[in-house]
Amino acid sequence: MSWRETAVLYRGGDAREGRMIGIAALAGLGAAAVAASLSFAPGVSGWFGAALALLTLAIAIIDARSFLIPNELSLAVFALALASAAVGAPEGAVTGVAFAILRACVLGLAFFALREVYYRWRGREGIGFGDVKLAAAGGAWLDWPMMPVAVEIAALTAIAAYALVQSAGRRRIDPSGRLPFGLFLAPAIWLGWLIQTGNFGF
Numbered sequence: 005m006s007w008r009e010t011a012v013l014y015r016g017g018d019a020r021e022g023r024m025i026g027i028a029a030l031a032g033l034g035a036a037a038v039a040a041s042l043s044f045a046p047g048v049s050g051w052f053g054a055a056l057a058l059l060t061l062a063i064a065i066i067d068a069r070s071f072l073i074p075n076e077l078s079l080a081v082f083a084l085a086l087a088s089a090a091v092g093a094p095e096g097a098v099t100g101v102a103f104a105i106l107r108a109c110v111l112g113l114a115f116f117a118l119r120e121v122y123y124r125w126r127g128r129e130g131i132g133f134g135d136v137k138l139a140a141a142g143g144a145w146l147d148w149p150m151m152p153v154a155v156e157i158a159a160l161t162a163i164a165a166y167a168l169v170q171s172a173g174r175r176r177i178d179p180s181g182r183l184p185f186g187l188f189l190a191p192a193i194w195l196g197w198l199i200q201t202g203n204f205g206f
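If you count the sequence shown from 1, you need to add 4 to reach the numbering used here.
Dropping the structure here:
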């Protein structure tokens, strides 16, 4: 075997090992999120939160890789929120679902308005329709005080991550650079749910 063939095999082994490490890390992250959901919200609510954790993790991974948020996953997040509201709302199923839909409309419309303002200002998309739909689905999960908190968490982590990547590559920060916002918004929705469920002062 030539040194070139050996090098190719070595690089292939490194790539496979890297993928396995990545898969293991994601599996560990998902397991930790499920455990946290069940710990902070015992019973049916915890299982709803665990499902939300896995869905938002899947959305984050897909958006990071393809800059796309599948409609099916956003719809699943929304449907799960309505089911959770129907089962766990102290004011009753009908009222709980109605308020969940109202919050979804408010947050979704806020993101849509921000998208339109940015487009008219800069002449290009800043927020995709996938982000708008995900925000609406997240609004169904989050109480009124938690909605701005979750959005702020997503925005700050996105800015920090982008600045870190740019500085690591010794590049100037480009305000027009693309960023998969769903990578940060999806986990922030679950984290917001976890915080409000744990009653950490919200």
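The beta carbon of each residue, even a glycine, is placed where N, CA and C say it ideally should be.
Short Cβ contact (7 Å threshold) for VAL208 with LEU86:
Only positions 5 to 206 of the chain appear in the structure, and residue 208 is not among them; the question remains open.
Sequence-distant residues of its chain with Cβ nearer than 8 Å to PHE71 (five each side left out):
As a working note, residue 71 is residue 67 in the sequence shown. GLY132, ARG182, PRO184.
**Request:** To the nearest angstrom, report how far apart PHE188 and GLY130 are at their CA atoms.
**Result:** The residue labelled residue 188 in the question sits at position 184 within the sequence shown. The residue labelled residue 130 in the question sits at position 126 within the sequence shown. Rounded to whole angstroms, PHE188 to GLY130 spans 15 Å at the Cα level.
Margin query: Helix, strand or coil for TRP207? Go by DSSP, reduced to three states.
Written below: In this structure the chain extends from 5 to 206, so residue 207 is not present and cannot be described.
Please return the same chain residues whose Cβ sits closer than 6 Å to the Cβ of VAL91, not counting the five positions on each side in sequence. By one-based count along the sequence shown, residue 91 stands at place 87. So the list reads VAL48, once near-sequence residues are dropped.
SER126, enclosing alpha helix (DSSP H) - first and last residue: Residue numbering aside, residue 126 sits at position 122 when the sequence shown is read from its first letter. The sequence given here has Arg at residue 126, not Ser. Segment 97-126, the alpha helix (DSSP H) holding ARG126.
**Asked** Taking DSSP as the reference, what is the three-state secondary structure of ARG20?
**Response** Counted from its first residue, the sequence shown places residue 20 at position 16. Three-state result, ARG20: helix.
* What's the C-alpha gap between TYR166 and LEU195? -> Looking up residue 166 in the sequence shown gives position 162. Looking up residue 195 in the sequence shown gives position 191. Between TYR166 and LEU195, the C-alpha separation is close to 20 Å.
>> Can you give me the C-alpha to C-alpha distance between ARG124 and GLU95, rounded to a whole angstrom?
In response: The residue given as residue 124 occupies position 120 in the sequence shown. The residue given as residue 95 occupies position 91 in the sequence shown. Those two C-alpha atoms are separated by around 41 Å.
Report task. Indicate the three-state DSSP secondary structure (helix, strand or coil) for TYR14 in the structure shown. Result -> For the purposes of this step, residue 14 is taken as residue 10 along the sequence shown, with counting starting at 1. Per-residue confidence for TYR14 stands at a pLDDT of 44, beneath the threshold of 50, marking its modelled position as unreliable; no derived number is given.
(request) Have a look at PRO191 and LEU59 and give me their C-alpha separation to the nearest angstrom. (result) The residue given as residue 191 occupies position 187 in the sequence shown. The residue given as residue 59 occupies position 55 in the sequence shown. Taking the straight line from one Cα to the other gives about 9 Å.
### Query
Got a sec: does the ligand NAP put a non-hydrogen atom nearer than 6 Å to the Cβ of THR99?
Questions concerning the ligand NAP fall outside what the structure shown contains, since it holds no ligand whatsoever.
- prompt: On the three-state DSSP scale, how would you describe ALA158?
  reply: Here the question's residue 158 lines up with position 154 in the sequence shown. Reduced to three states, the DSSP call for ALA158 is helix.
* **Range covered by the alpha helix (DSSP H) that runs through PHE52** => Counting from one through the sequence shown, the residue named residue 52 turns up at place 48. That run of the alpha helix (DSSP H) goes 48-70.
What three-state label does DSSP hand ILE25 in the structure shown?
Against the sequence shown, residue 25 aligns to sequence position 21. Of the three classes helix, strand and coil, the one that applies to ILE25 here is helix, per DSSP.
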